[in-house]
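Participant: These protein sequence lines are chains A and B, in that order.
Terminal number for the first sequence in the numbering used here: 252, no gaps in between.
Terminal number for the second sequence in the numbering used here: 252, no gaps in between.
Below you'll find the structure I mean.
Number of protein chains: 2
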Amino acid sequence: MNKRKLLLVSNSTLHGSGYLDHCQNHICSFFTRDVKRVLFVPYALHDRDAYAKTAREKFRTLGYELDSIHEASDPVTAVRNAEAIFIGGGNTFRLLKCLYDNDLVTEIRRRVLEDGVPYMGSSAGTNVATISINTTNDMPIVFPPSFSAIGLVPFNINPHYLDHDPSSRHMGETREQRITQFHEEAETPRVLGLREGSLLLVEGNNVKLLGTTKARLFTRNQPSVEYEPGSDISFLLTHTHSDSSLTQQ
Amino acid sequence: MNKRKLLLVSNSTLHGSGYLDHCQNHICSFFTRDVKRVLFVPYALHDRDAYAKTAREKFRTLGYELDSIHEASDPVTAVRNAEAIFIGGGNTFRLLKCLYDNDLVTEIRRRVLEDGVPYMGSSAGTNVATISINTTNDMPIVFPPSFSAIGLVPFNINPHYLDHDPSSRHMGETREQRITQFHEEAETPRVLGLREGSLLLVEGNNVKLLGTTKARLFTRNQPSVEYEPGSDISFLLTHTHSDSSLTQQ
């Protein structure tokens, strides 16, 4: 029995609403009443105190106390004792480097996959929950020891997925072109493009798309496929090779 | 006497025109009539044959023969014998990894800085000419051994620099926010945001902004500054520390 329990959010703030407002009902359903305290990881932003304050205030309104890992004397012990984990967004490279610097990557993986500690991620916190950060949108402002991430699911996510604007005169690559470049490389996993407003609920071997926007799945050497909110996309957990012909049933 | 001679282009194709059309007069002035053959580096794109064909056809119309390094039996020898070098755009991570994999980073640096071989870069080829690829816009589709790059100039560039669109409802970071995140890290160099349509001519210790769009200079802990096309921005070569108080004279 796989104990994995994940809530992977594309973005922490939706245009026109406050921090985590758009997914707060999902957060409360996810953490349930058994959870009293959530361990927050603010490493993706520079000002950790301010970030923890914002997150703490929001979680209090939802009925949860929040401990920030940057205030713990020993981060590994904090993860070992956590009832629940929330990794916030910001810069994915900074976040992953800091997770490695504090020896947290394998410890978080163990706690979530073996002990069933619920894991919520937002944006960069969603990226690091997947196989690797190869499909982040962020600027590589620091050099992490690896792009391999916590690996709670056997696919990659592109948060803040953005459709091409046909009226744009900008000649930089579209998001679709960037993900296609990733899939030009050998043995690359599937990439789920999570538009702002969408989130993923993973419970054991079940994956459901929640929220208000569709998600787009990119598979190496295959056409991309759109999924509506409410879709069961559990098959994403069963085939790790992106170019399997059995992936889109 | 510094022999450095660089033409660093923000983008290879400007909206509404063909490949390298917008900077072709600058290319001809830059390589002069002494150069007969240009060594092209197509590593940033997956289909090197097609990329070399596109570049070769364009350079022929300008009066230059083009040899693609991916067709050479020994890439290091090809660099050692090159009259001129042009590194094209695409994915910056793929490009830099391939430069390292082929032991070309120090060899190109030596040829340009010591032997005065003219170097032209476009987009990703401009990124790798600077201190590091920490300020690329590209997706990190492969893991290079380092983000340190060829280091032909003591600052960083952000090609395809994009101003914030105030009408956008997308909540991902703006380009300015991303560069600001870079400057939250210690000892980070200045970043020149090169908008599409602009390019940089470096001759010895002189730097001139060419093209049709302004460039925006980001310095750690200081307000950003705009420079008009035609500006002499040679001071960028003289101070490597971004938070020096002497950088914006």
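We put the CB at the ideal spot given by N, CA and C, even for glycine.
(1) Around the C-beta of A:S248, are 16 or more other C-beta atoms found within 10 angstroms, so that it is buried, or is it exposed?
(2) Could you check whether the Cβ of B:V145 sits closer than 8 Å to any Cβ belonging to chain A?
(3) Cβ atoms of A:V44 and A:Y67: under 8 Å apart, would you say?
(4) What residues from chain B crowd round A:F150, counting only those whose CB sits closer than 7 Å?
(5) For A:L1, which residues of its own chain have a beta-carbon under 7 Å away from its beta-carbon, when the five flanking residues on both sides are left out?
(6) Classify A:R223: buried if its beta carbon has 16 or more other beta carbons within 10 angstroms, exposed otherwise.
(7) What's the C-alpha gap between B:G233 and A:T95?
(8) Taking the continuous beta strand (DSSP E) assigned at B:N159, which residues delimit it?
(9) Starting from A:I136, find everything on chain B with Cβ-Cβ shorter than 8 Å and list it in chain order.
(10) List the endpoints of the continuous beta strand (DSSP E) containing A:S32.
(11) Using 8 Å for Cβ pairs, my map puts A:H9 next to A:A132. What's the rounded Cβ distance?
(12) Please list, in chain order, the residues of the region 161 to 178 of chain B that have any C-beta partner in chain A closer than 7 Å.
(13) Give me the Cβ distance between A:S125 and A:G92, rounded to the nearest whole Å; I'm assuming they're in contact under 8 Å.
(14) The beta strand (DSSP E) that contains B:R219, what's its start and end?
(15) Do you know offhand how far B:E60's Cα is from B:F150's?
(16) Do you know offhand how far A:L155's Cα is from B:L48's?
(17) Between A:F185 and chain B, is any beta-carbon pair separated by less than 8 Å?
(18) Rounding to the nearest angstrom, what Cα-Cα distance links A:K39 and A:L69 in this structure?
(19) Identify the contact partners of B:L17 in chain A, using a Cβ-Cβ distance below 8 Å as the criterion.
(20) Does B:G49 come within less than 8 Å of chain A when only Cβ atoms are used?
(21) Which residues bound the alpha helix (DSSP H) around B:R83?
(22) For A:T99 and A:K217, what's the separation of their Cα atoms in angstroms?
(23) Along chain B, which residues have their Cβ under 8 Å away from the Cβ of A:N105?
(24) Would you say B:T57 reaches chain A, if we count a Cβ-Cβ gap shorter than 8 Å as a contact?
(25) Going by DSSP in three states, B:D1 sits in which element: helix, strand or coil?
(26) For chain A, is any of its Cβ atoms less than 8 Å away from the one on B:E86?
(27) Smallest Cα separation from A:L65: which of A:S71, A:E188, A:S32?
(28) Quickly, what does DSSP pair A:G214 with across the bridge? List them, please.
(29) Would the region 11 to 25 of chain A and the region 202 to 213 of chain A be scored as touching if the rule is three or more Cβ pairs under 8 Å?
(30) What residue ranges within the region 120 to 148 of chain A form continuous beta strand (DSSP E) runs of no fewer than 3 residues, ordered along the chain?
(31) Between B:V79 and B:E117, how many whole angstroms is the CB-CB distance? I'm expecting something under 8 Å.
(32) Should B:S71 go down as buried or exposed, given a rule of 16 or more other Cβ atoms within 10 Å for buried?
(33) Do you know offhand how far B:I236's Cα is from B:F158's?
(34) When we look at the beta-carbon of B:Q184 and count the other beta-carbons within 10 Å, is it buried (16 or more) or exposed?
(35) Please state whether DSSP places A:Y230 in a helix, a strand or coil.
(36) Since B:N94 meets chain A, which of its residues come closer than 7 Å, beta carbon to beta carbon?
Facilitator: From the atom records:
(1) If you number the first sequence from 1, residue 248 of chain A lands on position 245. Only weak support exists for where A:S248 lies, its pLDDT of 41 falling under 50; the value from the coordinates is given anyway. When all chains shown are included, A:S248 counts as exposed.
(2) Numbered from 1 along the second sequence, position 142 holds the residue referred to as residue 145 of chain B. It does: the Cβ of B:V145 has a partner Cβ on chain A nearer than 8 Å.
(3) Here residue 67 of chain A is taken as the residue at index 64 of the first sequence, counted from 1. Here residue 44 of chain A is taken as the residue at index 41 of the first sequence, counted from 1. Result no, Cβ atoms of A:Y67 and A:V44 do not sit closer than 8 Å.
(4) One-based indexing of the first sequence puts residue 150 of chain A at position 147. What A:F150 touches in chain B: P143, F146.
(5) This structure does not reach residue 1 of chain A, given that chain A is present from 4 up to 252, and the question cannot be answered.
(6) Position 220 of the first sequence, counted from the start, is the residue given in the question as residue 223 of chain A. With 16 or more neighbouring CB atoms inside 10 Å of its own CB, A:R223 falls in the buried class.
(7) Residue numbering aside, residue 233 of chain B sits at position 230 when the second sequence is read from its first letter. Residue numbering aside, residue 95 of chain A sits at position 92 when the first sequence is read from its first letter. Near 37 Å, if we compare the C-alpha coordinates of A:T95 and B:G233.
(8) Residue numbering aside, residue 159 of chain B sits at position 156 when the second sequence is read from its first letter. That run of the beta strand (DSSP E) goes 159 to 164.
(9) Working through the first sequence from its first residue, we reach residue 136 of chain A at position 133. The answer, in chain order, is P143.
(10) Against the first sequence, residue 32 of chain A aligns to sequence position 29. Unbroken run through A:S32 is the alpha helix (DSSP H), 27 to 34; no beta strand (DSSP E).
(11) Position 6 of the first sequence, counted from the start, is the residue given in the question as residue 9 of chain A. Position 129 of the first sequence, counted from the start, is the residue given in the question as residue 132 of chain A. Just to set this straight, residue 9 of chain A is Leu in the shown sequence, not His. The Cβ separation is near 6 Å, so the contact holds.
(12) Within the region 161 to 178 of chain B, the qualifying residues are H163, L165, R172, H173, M174, G175.
(13) Mapped onto the first sequence, residue 125 of chain A falls at position 122. Mapped onto the first sequence, residue 92 of chain A falls at position 89. A Cβ-Cβ separation of about 5 Å places A:S125 in contact with A:G92 under the 8 Å criterion.
(14) Within the second sequence, residue 219 of chain B is the residue found at index 216, counting from 1. From DSSP, the beta strand (DSSP E) with B:R219 extends over 218 to 221.
(15) As a working note, residue 60 of chain B is residue 57 in the second sequence. As a working note, residue 150 of chain B is residue 147 in the second sequence. Taking the straight line from one Cα to the other gives about 32 Å.
(16) Locating residue 155 of chain A in the first sequence gives position 152, where the first residue counts as 1. Locating residue 48 of chain B in the second sequence gives position 45, where the first residue counts as 1. Computed Cα separation, rounded: 31 Å.
(17) Within the first sequence, residue 185 of chain A is the residue found at index 182, counting from 1. Answer yes: the Cβ-Cβ gap between A:F185 and chain B drops below 8 Å somewhere.
(18) Within the first sequence, residue 39 of chain A is the residue found at index 36, counting from 1. Within the first sequence, residue 69 of chain A is the residue found at index 66, counting from 1. Near 9 Å, if we compare the C-alpha coordinates of A:L69 and A:K39.
(19) If you number the second sequence from 1, residue 17 of chain B lands on position 14. Under the 8 Å cutoff, chain A gives M174.
(20) The residue you call residue 49 of chain B lines up with position 46 of the second sequence. The sequence shown places His at residue 49 of chain B, rather than the Gly named in the question. With 8 Å as the cut-off, B:H49 counts as an interface residue toward chain A.
(21) As a position in the second sequence, residue 83 of chain B is number 80, starting the count at 1. It spans 78 to 83 - the alpha helix (DSSP H) in which B:R83 sits, taken as one unbroken run.
(22) Counting from 1 along the first sequence, the entry for residue 99 of chain A is found at position 96. Counting from 1 along the first sequence, the entry for residue 217 of chain A is found at position 214. Per the sequence shown, the amino acid found at residue 99 of chain A is Leu instead of Thr. Distance between the alpha carbons of A:L99 and A:K217: 27 Å.
(23) For the purposes of this step, residue 105 of chain A is identified with residue 102 of the first sequence, where counting begins at 1. The premise fails here: A:N105 is roughly 17 Å from chain B at the closest Cβ pair, so nothing lies under 8 Å.
(24) Along the second sequence, read from residue 1 onward, the residue named residue 57 of chain B stands at position 54. No, B:T57 does not count as interfacial toward chain A.
(25) As shown, chain B starts at 4 and ends at 252. That puts residue 1 of chain B outside it, with no answer to give.
(26) Within the second sequence, the letter at position 83 stands for residue 86 of chain B. Using a CB distance cut-off of 8 Å, B:E86 does not count as an interface residue toward chain A.
(27) Walking along the first sequence from the start, residue 65 of chain A turns up at place 62. The residue with the shortest Cα to Cα distance from A:L65 is A:S32.
(28) Numbered from its first residue, the first sequence carries residue 214 of chain A at position 211. Per DSSP, A:S201.
(29) Yes, they touch.
(30) Complete beta strand (DSSP E) runs here, min 3: 122 to 125.
(31) Here residue 79 of chain B corresponds to residue number 76 of the second sequence, with the count starting at 1. Here residue 117 of chain B corresponds to residue number 114 of the second sequence, with the count starting at 1. Their Cβ separation, rounded to whole angstroms, is 15 Å, which puts B:V79 and B:E117 out of contact at 8 Å.
(32) Here residue 71 of chain B refers to the residue found at position 68 when the second sequence is read from its first residue. Looking at its Cβ environment, which holds 16 or more other Cβ atoms inside 10 Å, B:S71 is buried.
(33) Position 233 of the second sequence holds residue 236 of chain B. Position 155 of the second sequence holds residue 158 of chain B. Cα-Cα distance, rounded: 12 Å.
(34) Counting from one through the second sequence, the residue named residue 184 of chain B turns up at place 181. Counting Cβ neighbours within 10 Å, B:Q184 comes out buried, since at least 16 surround it.
(35) Taking the first sequence and counting its residues from 1, the one referred to as residue 230 of chain A is at position 227. A:Y230 sits in a strand when the DSSP states are folded into three classes.
(36) Taking the first residue of the second sequence as position 1, residue 94 of chain B is located at position 91. By Cβ distance, chain A contributes Q184.
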